[in-house]
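Notes for the one structure printed next.
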Amino acid sequence: MMQFMLLFSRQGKLRLQKWYVPLSDKEKKKITRELVQTVLARKPKMCSFLEWRDLKIVYKRYASLYFCCAIEDQDNELITLEIIHRYVELLDKYFGSVCELDIIFNFEKAYFILDEFLLGGEAQETSKKNVLKAIEQADLLQENLDFQIRLFPGMMSPNVSSESSGLFQK
Amino acid sequence: MPAVSKGDGMRGLAVFISDIRNCKSKEAEIKRINKELANIRSKFKGDKALDGYSKKKYVCKLLFIFLLGHDIDFGHMEAVNLLSSNKYTEKQIGYLFISVLVNSNSELIRLINNAIKNDLSSRNPTFMCLALHCIANVGSREMAEAFAGEIPRILVAGDTMDSVKQSAALCLLRLYKTCPDLVLMGEWTSRVVHLLNDQHMGVVTAAISLITCLSQKNPDEFKTCVSLAVSRLSRIVSSASTDLQDYTYYFVPAPWLSCKLLRLLQCYPPPEDGAVKGRLVECLETILNKAQEPPKSKKVQHSNAKNAILFEAIALIIHYDSEPNLLVRACNQLGQFLQHRETNLRYLALESMCTLASSEFSHEAVKTHIETVINALKTERDVSVRQRAADLLYAMCDRSNAKQIVAEMLSYLETADYSIREEMVLKVAILAEKYAVDYSWYVDTILNLIRIAGDYVSEEVWYRVIQIVINRDDVQGYAAKTVFEALQAPACHENMVKVGGYILGEFGNLIAGDPRSSPLVQFNLLHSKFHLCSVPTRALLLSAYIKFINLFPETKSTIQEVLRCDSQIRNSDVELQQRAVEYLKLSSIASTDVLATVLEEMPPFPERESSILAKLKKKKGPGAVSVELEDGKREGGELNGGGERGDTPAMSASNASTPSPSADLLGLRPAPAVGSAPPSVGSLLVDVFSEGPAAASAGVNDDGFLSSAPPPAASEEPAPPLPEAEDLLNKFVCKNNGVLFENQLLQIGIKSEYRQNLGRMYLFYGNKTSVQFVSFSTAVSCPGELPTQLNLQTKTVEPLIEGGAQVQQVVNIECLTDFIDAPLLNIKFRYGGALQNITLKLPVTINKFFQPTEMVSQEFFQRWKQLSQPQQEAQKIFKSGHGIDTEVVKAKLLGLGTALLENVDPNPENFVCAGVIQTKGQQVGCLLRLEPNAQAQPGEQMYRLTLRSSKDTVSKRICDLLSEQF
Numbered sequence: 001m002m003q004f005m006l007l008f009s010r011q012g013k014l015r016l017q018k019w020y021v022p023l024s025d026k027e028k029k030k031i032t033r034e035l036v037q038t039v040l041a042r043k044p045k046m047c048s049f050l051e052w053r054d055l056k057i058v059y060k061r062y063a064s065l066y067f068c069c070a071i072e073d074q075d076n077e078l079i080t081l082e083i084i085h086r087y088v089e090l091l092d093k094y095f096g097s098v099c100e101l102d103i104i105f106n107f108e109k110a111y112f113i114l115d116e117f118l119l120g121g122e123a124q125e126t127s128k129k130n131v132l133k134a135i136e137q138a139d140l141l142q143e144n145l146d147f148q149i150r151l152f153p154g155m156m157s158p159n160v161s162s163e164s165s166g167l168f169q170k
Numbered sequence: 001m002p003a004v005s006k007g008d009g010m011r012g013l014a015v016f017i018s019d020i021r022n023c024k025s026k027e028a029e030i031k032r033i034n035k036e037l038a039n040i041r042s043k044f045k046g047d048k049a050l051d052g053y054s055k056k057k058y059v060c061k062l063l064f065i066f067l068l069g070h071d072i073d074f075g076h077m078e079a080v081n082l083l084s085s086n087k088y089t090e091k092q093i094g095y096l097f098i099s100v101l102v103n104s105n106s107e108l109i110r111l112i113n114n115a116i117k118n119d120l121s122s123r124n125p126t127f128m129c130l131a132l133h134c135i136a137n138v139g140s141r142e143m144a145e146a147f148a149g150e151i152p153r154i155l156v157a158g159d160t161m162d163s164v165k166q167s168a169a170l171c172l173l174r175l176y177k178t179c180p181d182l183v184l185m186g187e188w189t190s191r192v193v194h195l196l197n198d199q200h201m202g203v204v205t206a207a208i209s210l211i212t213c214l215s216q217k218n219p220d221e222f223k224t225c226v227s228l229a230v231s232r233l234s235r236i237v238s239s240a241s242t243d244l245q246d247y248t249y250y251f252v253p254a255p256w257l258s259c260k261l262l263r264l265l266q267c268y269p270p271p272e273d274g275a276v277k278g279r280l281v282e283c284l285e286t287i288l289n290k291a292q293e294p295p296k297s298k299k300v301q302h303s304n305a306k307n308a309i310l311f312e313a314i315a316l317i318i319h320y321d322s323e324p325n326l327l328v329r330a331c332n333q334l335g336q337f338l339q340h341r342e343t344n345l346r347y348l349a350l351e352s353m354c355t356l357a358s359s360e361f362s363h364e365a366v367k368t369h370i371e372t373v374i375n376a377l378k379t380e381r382d383v384s385v386r387q388r389a390a391d392l393l394y395a396m397c398d399r400s401n402a403k404q405i406v407a408e409m410l411s412y413l414e415t416a417d418y419s420i421r422e423e424m425v426l427k428v429a430i431l432a433e434k435y436a437v438d439y440s441w442y443v444d445t446i447l448n449l450i451r452i453a454g455d456y457v458s459e460e461v462w463y464r465v466i467q468i469v470i471n472r473d474d475v476q477g478y479a480a481k482t483v484f485e486a487l488q489a490p491a492c493h494e495n496m497v498k499v500g501g502y503i504l505g506e507f508g509n510l511i512a513g514d515p516r517s518s519p520l521v522q523f524n525l526l527h528s529k530f531h532l533c534s535v536p537t538r539a540l541l542l543s544a545y546i547k548f549i550n551l552f553p554e555t556k557s558t559i560q561e562v563l564r565c566d567s568q569i570r571n572s573d574v575e576l577q578q579r580a581v582e583y584l585k586l587s588s589i590a591s592t593d594v595l596a597t598v599l600e601e602m603p604p605f606p607e608r609e610s611s612i613l614a615k616l617k618k619k620k621g622p623g624a625v626s627v628e629l630e631d632g633k634r635e636g637g638e639l640n641g642g643g644e645r646g647d648t649p650a651m652s653a654s655n656a657s658t659p660s661p662s663a664d665l666l667g668l669r670p671a672p673a674v675g676s677a678p679p680s681v682g683s684l685l686v687d688v689f690s691e692g693p694a695a696a697s698a699g700v701n702d703d704g705f706l707s708s709a710p711p712p713a714a715s716e717e718p719a720p721p722l723p724e725a726e727d728l729l730n731k732f733v734c735k736n737n738g739v740l741f742e743n744q745l746l747q748i749g750i751k752s753e754y755r756q757n758l759g760r761m762y763l764f765y766g767n768k769t770s771v772q773f774v775s776f777s778t779a780v781s782c783p784g785e786l787p788t789q790l791n792l793q794t795k796t797v798e799p800l801i802e803g804g805a806q807v808q809q810v811v812n813i814e815c816l817t818d819f820i821d822a823p824l825l826n827i828k829f830r831y832g833g834a835l836q837n838i839t840l841k842l843p844v845t846i847n848k849f850f851q852p853t854e855m856v857s858q859e860f861f862q863r864w865k866q867l868s869q870p871q872q873e874a875q876k877i878f879k880s881g882h883g884i885d886t887e888v889v890k891a892k893l894l895g896l897g898t899a900l901l902e903n904v905d906p907n908p909e910n911f912v913c914a915g916v917i918q919t920k921g922q923q924v925g926c927l928l929r930l931e932p933n934a935q936a937q938p939g940e941q942m943y944r945l946t947l948r949s950s951k952d953t954v955s956k957r958i959c960d961l962l963s964e965q966f
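Chains A and B, in that order, give the protein sequences. Numbered according to UniProt numbering, the first sequence spans residues 1 to 170. Numbered according to UniProt numbering, the second sequence spans residues 1 to 966.
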């Protein structure tokens with residue numbers, strides 16, 4: 001079972017955290033700090049797995065973002081690597097060429113998509129179509145009178161950086 | 001351009017996030033957040049009722065602030081309100097907030113559960129899923145109590161939508177993991193198992209996780225799942241890559257489901273039904289065959305998914321451990337991966353082969369890859385891969401290749417990463433012992449180990465070599481000769497001195513015939529190392545000396561002279577002083593016969609599990625134990641414990657708790673002393689008391705005592721720490737033993753020892769009066785932040801101390817992370833009716849967790865430069881308190897726990913030291929430089945002390961502590 005998933009940037013900023021085991025906020029912060037440091041210190045060609053405490057860490061970098069999962073001893077590293085990839089595909093499909101900024105500004109969507117895909121640390125639905133269908137159905141349920149405002153470009157410009165490069169464009 | 005193109009735009013939220021991102025500093029960010037929090041608070045408290053949209057927006061902002069790492073202490077009620085909104089997006093945000101920020105506020109839980117209940121019974125699948133996600137995310141006991149009965153019904157009901165079933169299955173899994181007692185499957189069992197047959201692949205994918213977990217706990221009730229799983233797997237494995245539509249991932253049919261099916265089968269033994277078993281073997285063969293087929297895609301996702309299934313299949317083959325053909329095929333496949341260009345595959349192949357090595361069918365096949373694995377150990381660029389290679393070498397080692405593997409591991413140790421050295425040392429020591437055919441090889445190997453990686457050779461390792469030498473008389477002469485030669489090296493590790501001291505003290509006579517190693521030469525060699533060693537080693541050497549007096553009467557006068565000199569007999573360390581005094585006395589008054597009896601050769605050690613093995617098990621967790629047991633089985637239990645052939649029980653896992661070996665070897669701890677070790681400090685303090693009855697009776701002066709500690713008799717609150725508590729603490733920074741506190745009534749002695757991040761402190765409370773102390777109680781407490789940094793455990797002491805008697809208390813200490821404050825020790829007792837209430841600081845300081853690190857000049861300065869950020873350095877310039885005496889300074893620095901590095905600083909006047917602070921969470925490397933100006937006039941002499949470490953708080957604290965010592 002996956003115990004948690006963390007998304008963080010090359011600068012070490014946490015973008016998403018999902019915990020499947022009960023931990024105190026303090027412990028969560030400590031784990032995050034330690035893992036972000038460990039993973040960022042690793043060189044690009046190194047292997048995607050490492051032992052950490054009594055868990056296995058599986059991580060992969062997509063453009064400016066690191067996706068990092070902690071799984072248990074008997075869990076399968078390679079299939080976890082593909083869990084990460086499928087999640088990136090889902091984000092990519094939903095946002096249309098996803099980049100880090102999408103996840104920053106629509107963090108709640110990133111959580112909703114993850115909940116459709118993984119639940120309680122296990123894969124719930126691995127079909128891309130089915131996950132996206134569930135999310136789109138939910139989007140259709142929303143009220144039309146809501147403020148459908150596109151952000152004007154200027155709002156994002158001060159920080160034009162790797163954060164706006166698509167996760168799939170390496 | 002990123003934009004909120006889908007879903008509901010919350011403009012206020014986007015503006016807020018932009019603002020935060022534009023903040024130039026942490027302070028600006030906090031300011032902006034505080035402004036927002038104030039705004040939200042006033043909106044929530046305002047008279048005007050907020051509409052759903054605003055509520056959602058503000059709750060979402062709070063969530064964002066929380067996820068940035070700030071505390072949120074309001075808004076929960078508004079979030080709960082959103083749960084009952086009939087607008088989906090509002091409900092969704094409400095649930096997200098609850099999932100992330102739930103606290104066990106019982107009032108709120110009731111309201112949340114109410115909302116969930118409504119959604120579960122709404123028959124709207126989207127709402128039901130939201131509610132189930134929330135239960136699965138929170139997974140609290142309260143929720144289990146409310147819903148554990150309802151969810152199985154939803155899971156198996158005929159009219160439940162597939163998506164709801166999927167969520168219900170995993171929701172139930174989460175509740176089962178939290179509260180297995182509340183989730184009763186009973187009547188649902190068979191229907192849940194049959195979800196494996198569900199037409200919807202997503203339902204199977206979700207349900208199988210639940211079934212696997214339940215099968216592990218109740219294998220018999222769920223065993224019908226085996227045949228269902230096999231047929232499902234068979235259908236997937238034989239399907240064409242397009243058959244499963246969207247469940248095909250990069251041309252691999254249903255990889256997640258396949259892995260989960262293979263995982264479920266690992267909960268059971270091989271199927272008994274021949275047809276089922278045949279079908280399964282066919283599946284496994286197909287999976288192995290597919291690995292040899294050319295890839296259908298060049299994408300890494302394709303090969304990862306395919307290999308994920310392959311590794312899971314190999315895990316199942318190893319689990320069954322009954323199909324020699326499959327085991328050998330698996331081994332060959334892994335052998336191919338060992339040379340694959342993908343680092344990930346090499347890593348996994350090494351890991352998986354480790355388990356294959358313990359199967360009798362594949363052990364030999366694994367061994368054929370030895371050269372590749374040795375090569376991996378030498379050339380892999382990633383330490384985690386090298387670690388796997390070392391593990392595999394250890395697992396594949398047997399009598400036929402032990403010499404080669406041990407030699408390779410030893411040569412790797414010379415350059416191995418610090419993080420894995422200690423484990424490597426343990427492994428080498430175990431293999432050398434286990435497969436030693438001739439014991440001279442064993443002794444050579446262990447001494448090499450100490451020479452190459454002395455700092456990482458733990459006590460267990462050198463205790464063990466001594467145990468074995470003592471138990472095997474055929475190796476004693478060789479051992480004596482070899483340690484004698486090893487000690488000739490100009491710089492030899494302290495552990496070498498310990499082994500040398502012990503072995504020469506026992507068996508020096510075996511080489512004394514050679515004039516090049518005559519008794520006096522042996523003694524002088526040992527004594528030349530004495531001054532460079534720490535207190536425990538010196539104590540051991542003193543015992544070796546007294547043994548020399550027995551072995552070689554001609555050395556008596558020389559040794560007595562050494563014992564008699566002030567630096568021994570008046571040594572400030574009680575243990576050394578006592579040994580010197582007692583040994584001197586013993587050697588001068590005891591007759592030769594008595595001496596020979598007291599100092600007789602050590603008796604053989606009792607057979608028992610190697611303490612090193614126990615240590616490795618502890619380090620590696622229970623997983624490693626099974627490998628050991630397998631090894632033991634294969635080798636027919638030929639673990640070389642000592643004289644007799646060891647029996648397998650010596651290796652049994654249940655036997656893992658060996659008595660602390662130091663107690664029998666050295667008698668340094670207050671345990672019954674063995675052999676030459678003197679009665680330990682416990683009795684020492686009594687001796688001190690009995691010597692001073694005058695002092696004790698003069699001290700029975702309540703008024704005098706009470707004036708310094710004036711708590712009113714009625715007060716039961718611990719007194720504030722004594723004004724001198726800090727000074728008393730400072731006395732113990734560079735030493736571990738001594739008298740912490742003394743007044744006319746009470747003396748408190750301390751003896752402590754530390755290893756890695758653990759410590760043990762013995763407190764001796766001596767009653768100096770002739771009247772008993774009643775209601776005697778002590779309490780150790782951690783003020784401020786300390787409870788999260790130090791873990792202290794102690795037992796209560798007897799409430800009564802007779803006049804002149806002494807009680808002992810043990811405090812176990814675990815350092816979780818670095819710390820500044822000292823724990824407090826409060827002592828309360830009644831003496832003649834008056835309550836005594838004293839609070840002291842327990843001398844546990846961060847430097848106690850130092851592990852010394854030896855390094856050469858170049859390495860030192862390289863690291864020194866790496867730690868060049870201003871906050872990593874702490875510096876103090878201070879006046880010398882007692883003049884500058886090089887020997888005293890050295891002793892203090894050694895006492896601090898660091899390694900004193902010679903010939904490192906270009907200025908020979910300066911002292912440089914290095915050490916690593918060991919805490920549970922991390923290791924903090926520390927470098928120290930102390931520059932005296934000895935040329936200055938007495939009274940004007942100054943020191944400049946500089947500390948650099950990877951943690952600012954550590955640099956500062958050690959600088960503060962040490963600057964008080966000179």
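Glycine included, C-beta positions come from ideal geometry on N, C-alpha and C.
Please classify residue i: does DSSP put it in a helix, a strand, or coil?
i	result
residue 755/B	strand
residue 732/B	coil
residue 66/A	strand
residue 949/B	strand
Please classify residue i as buried or exposed, where buried requires at least 16 other C-beta atoms within 10 Å of its C-beta.
i	result
residue 139/B	buried
residue 882/B	exposed
residue 517/B	buried
residue 822/B	buried
residue 226/B	buried
For a cutoff of 7 Å on Cβ pairs, would you count residue i as touching chain B?
i	result
residue 176/A	It is not possible to answer for residue 176/A, since the shown part of chain A is limited to 1 through 170.
residue 89/A	no
residue 124/A	yes
So is residue i in contact with chain E if we call contact Cβ pairs under 7 Å?
i	result
residue 127/A	Checking the listed chains, one finds no chain E in this structure; the protein chains it contains are A and B.
Between residue i and residue j, what straight-line distance do the alpha-carbon atoms span, to the nearest angstrom?
i	j	result
residue 345/B	residue 304/B	9 Å
residue 599/B	residue 550/B	7 Å
residue 784/B	residue 132/B	41 Å
residue 851/B	residue 528/B	24 Å
Sorted by chain position, which residues of the same chain lie with C-beta nearer than 6 Å to residue i's C-beta, five sequence neighbours on each side aside?
i	result
residue 826/B	718, 779, 839
How about residue i: is its C-beta nearer than 7 Å to some C-beta of chain A?
i	result
residue 307/B	yes
residue 216/B	no
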